[in-house]
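Student: Same order as they appear, the protein sequences are chains A and B.
For the first sequence, position 47 matches number 47 in the numbering used here, and the numbering has no gaps at all.
For the second sequence, position 72 matches number 1072 in the numbering used here, and the numbering has no gaps at all.
All C-beta atoms in this analysis are idealised placements derived from N, C-alpha and C, irrespective of residue type, glycine included.
Given the structure is predicted, the values throughout are model-derived calculations rather than measurements.
First the structure, then my questions, so here it is.
2 protein chains.
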Amino acid sequence: MNVVLIGSGNVATHLGLALNKFYNILQVYSPQLKHAQCLANQLDAQAIDQLYDLKRADVYIMAVKDSVIAEVAQQLAAYIQHSLLLHTSGSVDMDVLQAASLNYGVLYPLQTFSIQKAINFQSIPLLLESSNPQVGKTLDDIAKHLSPLIYHYSSAQRRSLHLGAVIACNFSNYLYSVAEQYLTTQGVEFDLLKPLIVETAHKVSQHRPFDVQTGPAVRGDLAVLEKHSEMLAQQPDLQQLYRQLSDAIIDLHVKK
Amino acid sequence: MNVVLIGSGNVATHLGLALNKFYNILQVYSPQLKHAQCLANQLDAQAIDQLYDLKRADVYIMAVKDSVIAEVAQQLAAYIQHSLLLHTSGSVDMDVLQAASLNYGVLYPLQTFSIQKAINFQSIPLLLESSNPQVGKTLDDIAKHLSPLIYHYSSAQRRSLHLGAVIACNFSNYLYSVAEQYLTTQGVEFDLLKPLIVETAHKVSQHRPFDVQTGPAVRGDLAVLEKHSEMLAQQPDLQQLYRQLSDAIIDLHVKK
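What follows is the structure, encoded as structure tokens:
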């Protein structure tokens, strides 16, 4: 089966490297030829920056910014005929692809990708959605090469999961940033927190997060909450965030 | 060296089990005898619920709620003479112990303890503080049995670190709870997020959290932010939290 990648960012790179073992990746498209070239070199594929240079392939995998998926799909309509078109986004409905082909679907790897870090797809849940049963079969075949964790989710469910991921992961990472920034101003090493951050995340694999909540707010330890709030007097934004999240924990645990 | 544990909760339990290999743990005190008994049985120690039953020991380790440390220290004054008294708290100043003994210090294990989960102390940073050099030497000896990650931190630094831990860990765990609650209302499995949560935490071991921030806010993807906000219209508290943390990420990354 021949595959073309539309996009050359984090998701395209990790998917391309993983799929390259099983399929013939013909081309990598990016509006910036240099970016396409960088990934194409790793995949022994052709780099292109014009959609009219697209070759005929069995599957076109779009891994582009959410905000341009619908637009790129419309541009692809002229080139891909009835080939299978996939997008890889958690938050975009599958149906935006129907402008481009009769055969379309979604392959959403639920993971946070960094270009620098190797990814083991075997531990990544893949959420699949397809426009018809034949697409479903092809998509299952592709996905099985990547991971045993395969889920058939609707666009609405996928969107909910993506929102959950933003809350649990993107927002947590923001809190890590805030903690780092604060500790740096205090001359204390953020590195010390790293084992604790990892342990906190691991706990959730074994327990409901509600059941393993720790800290002064859930203990109702008003003296510590007050002390912390005082310590943040010079950083009013952070003080407000501290108070608000502490109040939210108290609401969730103590009042209910 | 003879040790007495004042307290029988998570920290007392994990410290007691780890120290029991190197020291003779004489007694476990808790105002609730049943709780003391449960830990004392595991340590082959005596359970007591009255301070006047305290035996003479070389070291008394207090692992009690932050809010009662000062009070318990004062009560101990009558019993422990010049023995070494330690507390194990991140947020309480060392000097509250001077009411009880000339020799006092802090042994703060920077970790989140759950009674259910075995702890490998070797990966836990220990923050030490001591009232005089002799205490410092004894404390170093005790700590070296537990972990190679030993730091000498002042009360002020320890308090900052504890505040950082609340932000990075307790608040993150709260966000995990919020995500779980939201996904449950949407009929989507929270389990799917677990690999992503762990990966997000692991990334911080390798990279500055600022550098690996992902999600719609840092991408400036207003369409997704708006969509997510709409999806939360029925949960105004969560909607507000979503908007606020997204705005904070935008402030941190885009505006600066």
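Taking Cβ positions only, does P1195/B come closer than 8 Å to chain A?
Tutor: Closer than 8 Å to some Cβ of chain A, the Cβ of P1195/B qualifies, so yes.
Student: If you follow the alpha helix (DSSP H) that L192/A is in, where does it begin and where does it stop?
Tutor: No alpha helix (DSSP H) holds L192/A; DSSP gives it neither H nor E.
Student: Does F1171/B get closer than 8 Å to chain A when you measure Cβ to Cβ?
Tutor: Yes, its Cβ sits closer than 8 Å to a Cβ of chain A.
Student: Give a yes or no on contact between the stretch 136-146 of chain A and the stretch 1206-1217 of chain B, applying the rule of three or more CB pairs nearer than 8 Å.
Tutor: With the cut-off at 8 Å, the stretch 136-146 of chain A and the stretch 1206-1217 of chain B do not touch.
Student: Go ahead and label P109/A buried or exposed: buried means 16 or more other beta carbons lie within 10 angstroms of its beta carbon, across all protein chains shown.
Tutor: Buried.
Student: With which residues is G220/A paired in a DSSP beta bridge?
Tutor: G220/A pairs with nothing; no bridge assigned.
Student: Would you call V254/A buried or exposed, if buried means 16 or more other Cβ atoms sit within 10 Å of its Cβ?
Tutor: Exposed, by the Cβ-count rule.
Student: Among all the DSSP beta bridges, which residues are the ones paired with E1129/B?
Tutor: Paired residues: V1106/B.
Student: Do you know whose CA, among S1172/B, L1183/B, D1191/B, lies nearest E199/A's CA?
Tutor: Comparing Cα positions, the closest option is S1172/B.
Student: Give me the chain B residues within the contact set of H35/A, using Cβ-Cβ distance strictly less than 8 Å, ordered along the chain.
Tutor: None at all; the shortest Cβ gap to chain B is about 16 Å.
Student: Return the Cβ separation of D1049/B and S1030/B in integer angstroms, given the expectation that the two are a contact with Cβ distance under 8 Å.
Tutor: So it is a contact: roughly 6 Å between Cβ atoms.
Student: Would you kindly work out how many angstroms separate the C-alpha atoms of Y1023/B and M1001/B, rounded to a whole number?
Tutor: Approximately 6 Å between the Cα atoms of the pair.
Student: Tell me, please, whether the stretch 80-98 of chain A touches the stretch 42-62 of chain A by the rule of three or more beta-carbon pairs shorter than 8 Å.
Tutor: Judged by Cβ distances under 8 Å, the stretch 80-98 of chain A makes contact with the stretch 42-62 of chain A, as three or more pairs qualify.
Student: Mark T1088/B as exposed unless 16 or more other C-beta atoms lie within 10 angstroms of its C-beta, in which case mark it buried.
Tutor: Under this definition T1088/B is a buried residue.
Student: If you check the beta carbons only, do A1063/B and L1005/B fall under 8 Å apart?
Tutor: It is a contact, given that the beta carbons lie within the stated cut-off.
Student: Residues of chain B with a CB under 9 Å from the CB of M94/A: which are they?
Tutor: Chain B residues near M94/A: none, gap ~15 Å exceeds 9 Å.
Student: Evaluate S1177/B with the Cβ neighbour count: other Cβ atoms within 10 Å of its Cβ, from every protein chain shown; 16 or more gives buried, anything less gives exposed.
Tutor: Burial call: buried.
Student: Give the straight-line distance between the Cα atoms of D221/A and H1035/B, rounded to the nearest whole angstrom.
Tutor: Those two C-alpha atoms are separated by around 21 Å.
Student: Which whole-angstrom value describes the C-beta separation of L1097/B and L1126/B, a residue pair presumed to lie in contact below a C-beta threshold of 8 Å?
Tutor: The Cβ separation is near 17 Å, so there is no contact.
Student: Just how far apart, CA to CA, sit L26/A and H1152/B?
Tutor: So the alpha carbons of these two residues sit roughly 58 Å apart.
Student: If contacts are defined as beta-carbon pairs under 8 Å, then Q239/A and A248/A qualify, I think. What distance do you get, rounded to the angstrom?
Tutor: Q239/A to A248/A, Cβ: 15 Å. No contact.
Student: Check the DSSP bridge columns for I150/A and list the partner residues they point to.
Tutor: Paired residues: L126/A.
Student: Between the alpha carbons of I1069/B and V1092/B, how many angstroms are there, rounded?
Tutor: Approximately 8 Å, taken between the alpha carbons.
Student: Between L1051/B and Q1075/B, which are expected to be in contact by the criterion C-beta below 8 Å, what is the C-beta distance as a whole number of angstroms?
Tutor: Confirmed, Cβ separation roughly 6 Å.
Student: For chain A, check one thing: does any of its Cβ atoms lie closer than 8 Å to the Cβ of D1044/B?
Tutor: Cβ-Cβ to chain A under 8 Å: no for D1044/B.
Student: For N41/A, is the classification buried or exposed, using 16 other Cβ atoms within 10 angstroms of its Cβ as the cut-off for buried?
Tutor: So N41/A counts as exposed.
Student: Output the distance between the C-alpha atoms of Y79/A and A156/A, rounded to the nearest integer angstrom.
Tutor: Looking at the two C-alpha atoms, the distance is approximately 29 Å.
Student: What's the call for G1164/B, buried or exposed, on a 16-neighbour Cβ count within 10 Å?
Tutor: Buried, because 16 or more other Cβ atoms sit within 10 Å of the Cβ of G1164/B.
Student: Report the CB separation of E953/B from R1159/B in whole angstroms; it is logged as a contact under 8 Å.
Tutor: Here chain B covers residues 1001 to 1256 and nothing more, so residue 953/B does not appear.
Student: From the DSSP output, in three-state form, read off L232/A for me.
Tutor: Of the three classes helix, strand and coil, the one that applies to L232/A here is coil, per DSSP.
Student: At 9 Å on the CB atoms, spell out the chain A contacts of A1143/B, in chain order.
Tutor: The premise fails here: A1143/B is roughly 14 Å from chain A at the closest Cβ pair, so nothing lies under 9 Å.
Student: Quick one: Cα of E1230/B to Cα of R1243/B, how far?
Tutor: Distance between the alpha carbons of E1230/B and R1243/B is about 11 Å.
Student: May I have the straight-line CA-CA distance separating T13/A from K21/A, to the nearest angstrom?
Tutor: One C-alpha to the other measures close to 13 Å.
Student: L245/A and Q1111/B: beta carbons closer than 8 Å?
Tutor: Going by C-beta atoms, L245/A is not nearer than 8 Å to Q1111/B.
Student: Between the alpha carbons of D53/A and V166/A, how many angstroms are there, rounded?
Tutor: Those two C-alpha atoms are separated by around 36 Å.
Student: Report the neighbours of K1065/B on chain A: residues whose CB is nearer than 8 Å to its CB, in chain order.
Tutor: Here the neighbours are R219, D221.
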